[in-house]
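Numbering (our numbering), first residue to last: 15 to 153.
Have a look at the structure below, then the notes.
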Ligand code: IDP
Ligand code: MG
């Protein structure tokens, strides 16, 4: 069942490049409400588990190394049609292919260091949100 929620992470490149405020502003300007948020750093174990679905892909090692290289901002967002609208707001995985005005077109460095994560389904939004937040951290 659709929950109107999605899960995001501002990835280490966004923090390194000083873009936390800019990206959060784009997210709230687009109509998403922040239901939960934390500034944290993933352990290798957490990053491996979070990206388990990509374990067989050639970039998995690189992805885990990058996602643990510095702090991230994790958040649960709420809006009608959240998963799909957020994927539209962030743009394609590769910033070279991301539509103009999207978060990745503006702030991503490369296909790997691509500024933000966005859940790809309501089911994964729920799983990913629960991976990072306890029920008491959701407002
Ligand atoms: P998505 O984040 O747009 O949903 P996925 O295909 O689910 O893209 O890949 C997860 C993450 O893995 C990407 O956001 C990116 O950080 C990384 N990634 C995907 N493809 C590549 C690649 O070809 N090289 C390096 N990293 C990649
Ligand atoms: Mg994905």
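For glycine and all other residues, C-beta sits at the position ideal for the given N, C-alpha and C.
query                                                                                                                                                                  : result
Does residue 45 pass the burial test, meaning 16 or more other C-beta atoms within 10 Å, or should it be called exposed?                                               : exposed
Select from 72, 133, 73 and 77 the residue whose C-alpha is nearest the C-alpha of residue 61.                                                                         : 77
Pair every Cβ in the segment 89-104 with every Cβ in the segment 31-48, then say whether three or more of these pairs are closer than 8 angstroms.                     : yes
For the pair the segment 30-42 and the segment 102-122, tell me if three or more CB-CB distances fall below 8 angstroms.                                               : yes
Please find out if some non-hydrogen atom of the ligand IDP comes closer than 7 angstroms to the beta-carbon of residue 145.                                           : no
Specify, as a first and last residue, the run of the alpha helix (DSSP H) that residue 35 falls within.                                                                : 34-43
Spell out a yes or no on whether the segment 99-116 and the segment 64-80 are touching, meaning 3 or more CB-CB pairs, one atom from each, closer than 8 angstroms.    : no
For the beta strand (DSSP E) containing residue 21, list its first residue and its last residue.                                                                       : 19-24
Would the beta-carbon of residue 76 be found less than 7 angstroms away from any heavy atom of the ligand IDP?                                                         : yes
Please specify which runs of the alpha helix (DSSP H), each continuous and at least 4 residues long, are wholly inside the segment 63-145, giving them in chain order. : 74-81, 96-104 and 117-121
Taking the beta carbon of residue 152 as the centre, do at least 16 other beta carbons fall within 10 Å, making it buried, or is it exposed?                           : exposed
In terms of residues, what are the limits of the beta strand (DSSP E) holding residue 54?                                                                              : 47-54
Let me know the secondary structure DSSP gives residue 148 once reduced to three states.                                                                               : coil
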